[in-house]
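Asks:
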Amino acid sequence: MALQAVRDALTVWRWREPHYTVVADSESGSERNAADLDNGNEDKALAQEPISSLRQHLLSAYVLIATAVSLGFILYATLPLPDLLQTQQRSPCKEVSVRREWRSLNATERADFVDAMYCLASTPSSWADNRTIYDDFAILHGGIGSWCHRSASFLPWHRYTLHVFENILKDKCGFRGAIPYWDWSLDWMDLANSSIWDAESGFGGDGNAAGNVTVGGGRCVTDGPFTGLRPIIYNHTYTTHCLSRGFRFNEPIHTTKGKVPGWAYSPEAIGEILRRESYKEFVKGVENQLHNTMHQAVNGDFKAMTAANDPLFYVHHTSLDRMWWKWQQENPKERLWVYEGKHMYNSTDENGASLDDPLLYGGFAEDVTVRRVMDTEGGFLCYRY
117 MALQAVRDAL TVWRWREPHY TVVADSESGS ERNAADLDNG NEDKALAQEP
167 ISSLRQHLLS AYVLIATAVS LGFILYATLP LPDLLQTQQR SPCKEVSVRR
217 EWRSLNATER ADFVDAMYCL ASTPSSWADN RTIYDDFAIL HGGIGSWCHR
267 SASFLPWHRY TLHVFENILK DKCGFRGAIP YWDWSLDWMD LANSSIWDAE
317 SGFGGDGNAA GNVTVGGGRC VTDGPFTGLR PIIYNHTYTT HCLSRGFRFN
367 EPIHTTKGKV PGWAYSPEAI GEILRRESYK EFVKGVENQL HNTMHQAVNG
417 DFKAMTAAND PLFYVHHTSL DRMWWKWQQE NPKERLWVYE GKHMYNSTDE
467 NGASLDDPLL YGGFAEDVTV RRVMDTEGGF LCYRY
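Heads up: the sequence shown begins at 117 in the working numbering, then just goes up one per residue.
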């Protein structure tokens, strides 16, 4: 574009009469000169102190070049931030892991996950004394994590937490896979009898109906692979107890608008959330419906902010993250970098969320910005579904 401007200016100089120049006043030269010629007053377009025509047209070429460069820079600088990030800051992953549905894992892969959970429950915390890394995650979620609910950071904070969890499983416990997810939509017509509760191939079932009530309206889980877990905290109270559940799958609860919980996970209900255009409305649907309903239906440890006491927490939240990933992939140009609303629950600005807001971990893990976890294949997280 700039070279063409030079060529055009030199071409004009070759054929035009040498005495027509720009008149320096409040009007632009080209507009004033054109106006004078249109009025038949050619003599008014003559400069009082003429300069050479070559110098004049080279000056015009310079102005054109400068304008073109400036416009190009302005257009570049005013591109939406997501476009700039996608074209300039995305670093490809060397390897992308694939998170799979729990039931697609073979027996060895499922056992590997169970063993890694017990490993965490026996590995001392480096964050605080007298507890394990398994306890750390429940306490982290019940503390800092509680402020990331009912806000824009609900999805990115949990996404990064799952990433930290997976890396610790690998680094500390030799876990060889990727965190699995539970696709509840496969079970929506009868959640209480999902194979996820199977004692052999799943996470164990409801609390023992003949036992005493423990925490969160639940009772001790007495079947399945996690009966040996002993959480040390429930909500904000330190109390060592058995892993507890108290199913309410056949009861209407408020998050399902008076319907039994299965309704919330029907293809129709999930599809309605995935079709929401704005991030604010999408995250609201994910949290209020898909997230809260399951926590209240399982009850027991799952009912409180320390829900990470129950290993079900990880396959449930990985499924929520998958919903976000699917929503982003539906329209990546518009959705991959959209982040809006109130950053944290205690934020004062209702619409102040920014991609540069920090995700806080209080020393348990590195604080990162929201921006770093928006793209699961952007060079930092490196996974997909």
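Positions of the beta carbon are idealized from the N, C-alpha and C atoms, including for glycine.
The structure presented is a predicted model; accordingly, all values stated were derived computationally and were not measured.
1) Going by C-alpha to C-alpha distance, which of ARG219, SER267, CYS235 sits closest to LEU475?
2) Using 8 Å as the threshold, is the C-beta distance between PHE281 and GLU403 below it?
3) How do the segment 448-463 and the segment 324-331 stand: do at least 3 beta-carbon pairs fall below 8 Å, yes or no?
4) If we count the other Cβ atoms within 10 Å of its Cβ and call it buried at 16 or more, is MET305 buried or exposed?
5) With respect to 7 Å, is the separation between the Cβ of PHE229 and the closest non-hydrogen atom of the ligand NAP below this value?
6) In or out: ASP483 buried (at least 16 other Cβ within 10 Å) or exposed?
7) Would you call the segment 346-366 and the segment 409-417 in contact, with 3 or more CB pairs under 8 Å?
8) Could you compute how far the alpha carbon of TYR477 sits from the alpha carbon of HIS257?
9) Does the distance from the C-beta atom of GLY340 to that of PHE319 stay below 8 Å?
10) By DSSP, does LEU475 sit in helix, in strand, or in coil?
11) Beta carbon of VAL376, beta carbon of TRP218: below 8 Å?
12) Any idea what DSSP makes of VAL212, helix, strand or coil?
13) Is the segment 242-252 touching the segment 296-315 in the sense that three or more CB pairs, one from each, lie closer than 8 Å?
14) Take ARG247 and list the residues in its own chain whose beta-carbon comes closer than 7 Å to its own, dropping the five residues that flank it on each side.
15) Determine the direct distance from the alpha carbon of TYR354 to that of LEU497, and round the result to whole angstroms.
16) Kindly list the residues whose CB is nearer than 8 Å to the CB of PRO272, restricted to its own chain and excluding five residues on each side of it in sequence; keep chain order.
Replies: On the basis of the supplied data:
1) Walking along the sequence shown from the start, residue 475 turns up at place 359. Measuring from the Cα of LEU475, the nearest candidate turns out to be SER267.
2) The residue you call residue 281 lines up with position 165 of the sequence shown. The residue you call residue 403 lines up with position 287 of the sequence shown. No, the pair does not count as a contact, with Cβ atoms beyond the cut-off.
3) no
4) Here residue 305 corresponds to residue number 189 of the sequence shown, with the count starting at 1. Exposed: under 16 other Cβ atoms inside 10 Å.
5) By its list of ligands, the structure shown contains no ligand whatsoever, and the ligand NAP lies outside what it can speak to.
6) Translated into positions along the sequence shown, residue 483 becomes position 367. Exposed.
7) yes
8) Indexing the sequence shown from 1 puts residue 477 at position 361. Indexing the sequence shown from 1 puts residue 257 at position 141. The alpha-carbon of TYR477 is positioned some 9 Å away from that of HIS257.
9) In the sequence shown, the residue the question calls residue 340 occupies position 224. In the sequence shown, the residue the question calls residue 319 occupies position 203. Contact flag set, yes.
10) Position 359 of the sequence shown, counting from 1, holds the residue named residue 475. Three-state result, LEU475: strand.
11) Position 260 of the sequence shown holds residue 376. Position 102 of the sequence shown holds residue 218. No, Cβ-Cβ distance for VAL376 and TRP218 is not below 8 Å.
12) Taking the sequence shown and counting its residues from 1, the one referred to as residue 212 is at position 96. Reduced to three states, the DSSP call for VAL212 is coil.
13) no
14) On the sequence shown, residue 247 is found 131 positions in, with the first residue counted as 1. In the same chain as ARG247, and ignoring 5 residues on each side of it, the C-beta atoms closer than 7 Å to its own belong to SER241, ILE348, in chain order.
15) Within the sequence shown, numbered from 1, the residue matching residue 497 stands at position 381. Within the sequence shown, numbered from 1, the residue matching residue 354 stands at position 238. Cα to Cα, LEU497 sits roughly 33 Å from TYR354.
16) As a first step, residue 272 must be located in the sequence shown, where it is residue number 156. Correct list, in chain order: TYR455, LEU475, VAL486, VAL489, MET490.
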